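So the sequences go chain by chain: A and B. Everything in the first sequence is counted per the working numbering, starting at -8 for the first residue and increasing by one. Everything in the second sequence is counted per the working numbering, starting at 101 for the first residue and increasing by one.
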Amino acid sequence: MRPRWQKVFADLWGNKTRSLLVIASIAVGLYAVGIISSINEIINKDMEIGYTAVNPANLHIFIPGFTDSLIDKIRDLPDVAEVEGRRSMTLRYKNKNGEWDRLAIQAIPEIDETVINKVKLLQGSWPPDYREISIDISKRNDVAANLGEMIEIQLPSGKTREVKLTGIVHDQTIGATGGGGGYFIAPVNGYITVHTLDWLEQPAIYNEMLITSKTGKNDEEHLKDLSKDVNKEIEDYGGVVTSTVIRTTKSHPNSIYIDALSGVLFILGMLVVFLSGFLITNTLSALMNQQIRQIGVMKTIGARRMSIITIYMVLIALYGAIALALAIPTANWSAYALVNFLSGTLNFDVQGYRLIARTVFLQAGIALIVPQVAAFFPIYSGAKIKTVQAISGGSNIASDHKDDAFDRWINRIRGISHPMLISLRNTFRHKGRLALTLFTLTLGGAIFIATFNVQGALTLYIKRVSKYFIADVSMTMDQFYRIDQVQKDLKTLPGIDIIEGWTYAQCEVMEANDKPGEPVEMLGVDPQSRLITPILIKGRWIIPGDENAIVLSERFLSAKPDLKVGDTLDLRVNGVKSKWTVVGFFQLAGKSTGFRAYSNYEYLSHFIGSPDKAISFQISSKTPNLNIEQQRQFGSTIEKYMRTRGYKVASVNAGLFALNSSTEGLNILTTFLVFMAFLTALVGAIGLMGTMSMNVMDRTREIGIMRAIGASDRTVMSLVIVEGLLIGIISWILGSLLSFPISNALSDILSRALFDAPSVLSITPTGFIVWLVLVIILSVSASVIPARNAAHLTIREVLAYE
Amino acid sequence: MKYAVLKNLEIIKPKWFPSTISDNSSNEIHAVESNKIDSTVVGSIITLQDVKKNYQTPAGDFQALKGITVSIDPNEFLCIVGKSGAGKTTLLNMITGVDSISSGKVNVNGISVHDMSEDEQALWRGLNLGIIYQSFELMPMLTLLENVMLPMDFCHLYTPGKSRERARELLRMVELEEHMNKLPNAISGGQQQRVAIARALANDPPVIVADEPTGRLDSTTAETILDIFEHMVKEGKTIIMVTHDASAAQRASRVLEIVDGELKTGDSTNISMKSIVATA
């Protein structure tokens, strides 16, 4: 091999610490870019591919009762691809805690030949046979029964029946109808054959029709037209549609979380690409600085500029290639680990482990182009440097040196110790390099702090959501009871503080064709309730004396973007068409939590004909801050007591359980953001370590000279530590300032994706404090290690150091 | 060496480039006779005419060379002496083209050094000058053999095989062949300087320029280096050496003393050894 290439390999292999630092700096940037790009690609594609593969229904039409003859009629419509009828019901089952809990069951005819909303068998067998049931994996842990064991189910008549658990399946369509709380609030989902309906005392007729469209499966307008045709056909046949849900084939029920993640990932990805670019530029500038003397020597023995540029470009390409080889598999593996976590919690199927071509190209592009671009300027400057200057190690010759005002100010500083003065002057000696170092660390710090701010803001938001669930126990009854009677009975139990009766009505939004559309959960609450504090986006909350006033959830804003405060909304409430005035919009846990509305209890209870009565009771304990277990026990005591008093209790839920279910999606985002914060911290940390180490390595000779003239190891160490700290703290201050606009951009993206509302910037101190501690630890350790190495070299070795 | 490379060389070939190289279409390239000092050449191989060098410093302009005019003959062993800061190294840098000139002319073998671009100067230096430094300046990551091969690699004078063979010959000449696969830090300072000499001779240049070549060496090792220099002069090389070492200066065929950027007037061939010792 020619000596110039020997030099390339010797440079690579000969100074392993330096090579490791350069490779690590490039690799960590590529890793971060790779992981962000891969996650973005996998979650978006896999969620869509996986969801499309189950052939989700484009129309869910709820009809009180129908048979196969109606299905045959609908199937004849020109744009209908497939139609299936199902019977869905919510019964109660005994959960692992021995409590009665909700169980949503779908009875499916010809269950082994179903083509819409297909489920995937994970364990056991499919289809379930007579008196058998399969359940969805998502809430499987709430069910005590193992495969082959019995699940106890309570029927509406009060009887109990047992069905055998024979399969665990994955159903990606849970939450698709969105009338309740969406996926996270959904109960355990079970699947039976229609033959088991009689065992559960259910009529063998359907109440839900699933339809897919032949064309325009992802065109909402087209699906609306199809819905009109189908509704008309059903009414012509004599059927009554209670509600219709339209959903495109691509829109997974939890896609808003993916949209939110994608938005955050896009911004973070862009910033990390910049960060990596600066990190690489910084590291390579330091590397080139160490090579100046050798460049000078090469020039004296015949090397032309191009030869020198080629040597270093090849070296940089090798660094890039090694970093790429390390980053591709690690980033891909990490991305899949994170995607597997997300897929489990956001209910989608990962389409198998694979290398993401776009990510690999992006990483390869960055690995092979960014270092070359980043290094070109330092290499070109190095190759262009005057031979006499290069031979002297790149030190400024007299003609090049100009003191600016800042230098003069630094030089005038008095009254601090000499080592401190040296550190201060050293820090600002190479301003170009200092600027590059500071820029890299500032950007890294700013992203880290911003990510923490957004995570903190989400956590704070979740705390605010808890104000919807202030009651320790939410008790739902099978029928309406007089509120004063319930209050009187419950007050005899010790420890009860507040009891509020809320009323409930099943509504549907009336569409333009005067047909019922999406189902809405409407709650009637006391405007002065102490058990709910809403988060308002627009308008106001209900006030005493309100009549047909209604406050709507964020889902309405995305589904009906033209709807404003003051508009009139046509609803069908318990089957009665009526007009309601929109007085405000509230935020709950995102657009996927379904259509919800709050109205004045007084008005709604009269409207539905149950004045002074309620179906839901919110109860709080005198003991503050109960945990979920204590709330469960409290609820269990209340339930037992109410049953002994002859009340028909449908379900009792702990307040924190409802909160946890509602905010599970947000919690996933916060976990993800913490991961992203630490990923940024990793990039920043390695960048900081690399930069500081290279800075100190660069001064090995100077350290040797200081030791030769009497500086102790301790003095040398304190010099570099103070310099490292100075750079670290300056970058922290700048990073803290830069974190504000980045936090704002990230929160805004999340807020728009989740709630269709602009965010209010929320700043939490955690990110600032954690980054400050990290910066201090990293700057000190990154400076001490090379300084210790330098201090341990003999004077002869130091002076011969290259 | 591939023909394509030779063609490239031909395209960028400066006027002083050995004429036979561009015509050689075979895979072998040989050092050409025209590149060596021609013993029949009459007159000076190096001439400096009124060479001035100014630096700007925060304290104002500093004139390092104040109009040096000197001629150096082929086969001469010239020694430049003077106090620290007198301008000795600056003068060498003017001859080698390592530093820019403020005014005046430097001609080496008929080539005006400072009229070339920096790239042309680099290749010209590689072919025509061998430079030796006080601190050896070997590439620390390359073996001794690779260090000696490096100038041949940059100047494309020899094929890789021929380069290796020639580098071994040169290391044998300086009695370091058995260490050829060692790294520079594995040998002594004197040995490193012998490697630097071997490297300076790699492309068989007519002129060797040495800046304090014995400055870091003990007297015995320094004597060995000077023996090599004398041998090189006998072989037809021209040597220009800056030194503080009186015994080194005594070996020279001519000594020039430089004082505050000017050549000391008088018979420079018989400069007083006292003044040399005084500068040491």
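Backbone N, C-alpha and C fix where the C-beta goes; we use that ideal spot for every residue, glycine too. Source: prediction; values computed, not measured.
TODO: Classify A/Tyr452 as buried or exposed, calling it buried when 16 or more other Cβ atoms lie within 10 Å of its own Cβ.
DONE: Translated into positions along the first sequence, residue 452 of chain A becomes position 461. When all chains shown are included, A/Tyr452 counts as buried.
Open item on the list: Using 8 Å for Cβ pairs, my map puts A/Asn245 next to A/Asn338. What's the rounded Cβ distance?
Closed with: As a first step, residue 245 of chain A must be located in the first sequence, where it is residue number 254. As a first step, residue 338 of chain A must be located in the first sequence, where it is residue number 347. About 6 Å separates the two Cβ atoms, so the contact holds.
Task: Reduced DSSP secondary structure (H/G/I, E/B, other) of A/Trp532 - done: The count along the first sequence starts at 1 and reaches residue 532 of chain A at position 541. DSSP places A/Trp532 in coil when its eight states are reduced to three.
Open item on the list: Against chain A, does B/Arg268 count as a neighbour if the rule is that its beta carbon must be under 8 Å from one of theirs?
Closed with: Taking the second sequence and counting its residues from 1, one reaches residue 268 of chain B at position 168. It does not; no Cβ of chain A falls within 8 Å.
Open item on the list: Using only the alpha-carbon positions, how far apart do B/Asn303 and A/Ile712 sit?
Closed with: By one-based count along the second sequence, residue 303 of chain B stands at place 203. By one-based count along the first sequence, residue 712 of chain A stands at place 721. Spanning the two alpha carbons is a distance of roughly 48 Å.
Open item on the list: Do A/Val564 and A/Ala649 have their beta-carbon atoms positioned less than 8 Å apart in this structure?
Closed with: Mapped onto the first sequence, residue 649 of chain A falls at position 658. Mapped onto the first sequence, residue 564 of chain A falls at position 573. Taking 8 Å as the Cβ cut-off, A/Ala649 and A/Val564 do not qualify as a contacting pair.
TODO: Could you list which residues in chain A have their beta carbon closer than 7 Å to that of B/Ala222, in chain order?
DONE: Numbered from 1 along the second sequence, position 122 holds the residue referred to as residue 222 of chain B. Under the 7 Å cutoff, chain A gives Lys290, Gly293, Ala294, Arg295.
- [ ] Evaluate contact between the region 579 to 599 of chain A and the region 545 to 560 of chain A, counting only Cβ atoms and requiring at least three cross-stretch pairs below 8 Å.
- [x] yes
Open item on the list: Excluding the 5 residues flanking A/Asn222 on each side, which residues of the same chain have their C-beta closer than 8 Å to its C-beta?
Closed with: Working through the first sequence from its first residue, we reach residue 222 of chain A at position 231. Cβ within range, chain order: Ile52, Val232, Thr235, Asn504, Lys506.
Task: Distance between A/Ala15 and A/Lys87 (C-alpha atoms, nearest Å) - done: Residue numbering aside, residue 87 of chain A sits at position 96 when the first sequence is read from its first letter. Residue numbering aside, residue 15 of chain A sits at position 24 when the first sequence is read from its first letter. About 49 Å.
Open item on the list: Strictly by DSSP, which residues pair up with A/Gln145?
Closed with: Residue 145 of chain A sits at position 154 when you count from the first residue of the first sequence. A/Arg83, A/Thr151.
Open item on the list: With DSSP as the reference, identify every bridge partner of B/Cys179, one or two as the case may be.
Closed with: Sequence index remark: in the second sequence, residue 179 of chain B carries index 79 (1-based). BP columns for B/Cys179 point to B/Met341, B/Val355.
Task: Beta-carbon proximity check, B/Val295 vs B/Pro284, cutoff 8 Å - done: In the second sequence, counting from the first residue as 1, residue 295 of chain B sits at position 195. In the second sequence, counting from the first residue as 1, residue 284 of chain B sits at position 184. Yes, these two residues count as a Cβ contact at 8 Å.
- [ ] Going by DSSP, name the residue or residues bridged to A/Thr494.
- [x] Here residue 494 of chain A refers to the residue found at position 503 of the first sequence. The partner list for A/Thr494 (beta bridge, DSSP) reads A/Gly515.
Open item on the list: I want to verify the contact list: residues of chain B whose CB lies under 8 Å from the CB of A/Asp2, in sequence order.
Closed with: Numbered from its first residue, the first sequence carries residue 2 of chain A at position 11. The contacting residues are Met241.
- [ ] Check A/Phe577 in the structure and name its three-state DSSP category.
- [x] Within the first sequence, the letter at position 586 stands for residue 577 of chain A. Correct three-state label for A/Phe577: strand.
Open item on the list: If we define contact as Cβ-Cβ less than 8 Å, is B/Asp304 a contact residue for chain A?
Closed with: Counting from one through the second sequence, the residue named residue 304 of chain B turns up at place 204. No, because no Cβ of chain A sits closer than 8 Å to the Cβ of B/Asp304.
Task: Backbone CA spacing between A/Thr418 and A/Glu714 [nearest angstrom] - done: Reading the first sequence from its first residue, position 427 is the one you call residue 418 of chain A. Reading the first sequence from its first residue, position 723 is the one you call residue 714 of chain A. So the two alpha carbons sit approximately 6 Å from each other.
TODO: Inspect the beta-carbon positions of A/Gly76 and A/Trp117 and report whether they are closer than 8 Å.
DONE: Indexing the first sequence from 1 puts residue 76 of chain A at position 85. Indexing the first sequence from 1 puts residue 117 of chain A at position 126. No, these two residues do not count as a Cβ contact at 8 Å.
TODO: Run down chain B in chain order and give the residues with a C-beta less than 7 Å from the C-beta of A/Arg(-7).
DONE: If you number the first sequence from 1, residue -7 of chain A lands on position 2. Residues of chain B passing the Cβ test: Asp253, Pro260.
Task: C-beta contact flag for A/Lys205 and A/Asp70 at 8 Å - done: Start at 1 with the first residue of the first sequence, and residue 205 of chain A comes out as number 214. Start at 1 with the first residue of the first sequence, and residue 70 of chain A comes out as number 79. Yes, they are a contact pair.
TODO: Using a Cβ-Cβ cut-off of 8 Å, state whether A/Gln282 counts as contacting chain B.
DONE: The residue given as residue 282 of chain A occupies position 291 in the first sequence. Judged by the 8 Å Cβ criterion, A/Gln282 is not in contact with chain B.
- [ ] Please list the partners that A/Asn695 has in chain B, where partner means a Cβ-to-Cβ separation under 8 Å.
- [x] If you number the first sequence from 1, residue 695 of chain A lands on position 704. In the sequence on display, residue 695 of chain A carries Gly and not Asn. None at all; the shortest Cβ gap to chain B is about 14 Å.
Task: Straight-line Cα distance separating A/Phe57 from A/Gly230 - done: Locating residue 230 of chain A in the first sequence gives position 239, counting from the first residue. Locating residue 57 of chain A in the first sequence gives position 66, counting from the first residue. Cα to Cα, A/Gly230 sits roughly 7 Å from A/Phe57.
TODO: Provide the residue(s) that pair with A/Ala589 in DSSP beta bridges, ordered along the chain.
DONE: Stepping through the first sequence from its first residue, residue 589 of chain A is reached at position 598. The sequence as given places Tyr at residue 589 of chain A; Ala does not occur at that position. In the DSSP output, where bridge partners are listed per residue, A/Tyr589 has A/Leu514, A/Val542.
Task: Nearest candidate by alpha-carbon position, reference A/Ala348, set A/Ile30, A/Trp4, A/Ser684 - done: One-based indexing of the first sequence puts residue 348 of chain A at position 357. Among A/Ile30, A/Trp4, A/Ser684, the Cα nearest to that of A/Ala348 is on A/Ile30.
Open item on the list: Just checking: is the beta-carbon of B/Val198 within a distance shorter than 8 Å of some beta-carbon in chain A?
Closed with: Here residue 198 of chain B refers to the residue found at position 98 when the second sequence is read from its first residue. Closer than 8 Å to some Cβ of chain A, the Cβ of B/Val198 qualifies, so yes.
Open item on the list: If distances are taken between C-alpha atoms only, which option among A/Asp517, A/Ser276, A/Ile696 comes closest to A/Leu425?
Closed with: Residue mapping note: residue 425 of chain A aligns to position 434 of the first sequence, counting from 1. With distances taken between Cα atoms, A/Leu425 lies closest to A/Ser276.
Task: Proximal residues to A/Ser770 (C-beta, below 7 Å), its chain only, five neighbours per side dropped - done: As a first step, residue 770 of chain A is located in the first sequence; it is residue number 779 there, counting from the start. Correct list, in chain order: Leu679, Met683, Gly715, Leu716, Ile718, Gly719.
Open item on the list: Out of B/Ile195, B/Asp327, B/Glu335, which one is the CA nearest neighbour of B/Gln149?
Closed with: Here residue 149 of chain B is taken as the residue at index 49 of the second sequence, counted from 1. For B/Gln149, the nearest C-alpha among the options comes from B/Ile195.
Open item on the list: With a threshold of 8 Å, are at least 3 pairs of Cβ atoms found where one atom belongs to the region 619 to 636 of chain A and the other to the region 458 to 470 of chain A?
Closed with: yes
Task: Spatially closest choice to B/Lys337 from B/Leu178, B/Ser263, B/Gln221, by CA coordinates - done: Residue numbering aside, residue 337 of chain B sits at position 237 when the second sequence is read from its first letter. Cα-wise, what sits closest to B/Lys337 is B/Leu178.
Task: Buried/exposed call for A/Gly492, threshold 16 Cβ in 10 Å - done: Within the first sequence, the letter at position 501 stands for residue 492 of chain A. The residue is buried, with at least 16 neighbouring Cβ atoms inside 10 Å.
Task: For B/Leu244 and A/Asn6, the rounded distance between their alpha carbons - done: For the purposes of this step, residue 6 of chain A is taken as the residue at position 15 of the first sequence. For the purposes of this step, residue 244 of chain B is taken as the residue at position 144 of the second sequence. Taking the straight line from one Cα to the other gives about 18 Å.
Task: Alpha carbon of A/Ser253 to alpha carbon of A/Val24, nearest angstrom - done: The count along the first sequence starts at 1 and reaches residue 253 of chain A at position 262. The count along the first sequence starts at 1 and reaches residue 24 of chain A at position 33. Spanning the two alpha carbons is a distance of roughly 14 Å.
TODO: Starting from A/Phe53, follow the beta strand (DSSP E) in both directions and report where the run begins and ends.
DONE: Your numbering for residue 53 of chain A matches position 62 in the first sequence. Segment 50 to 57, the beta strand (DSSP E) holding A/Phe53.
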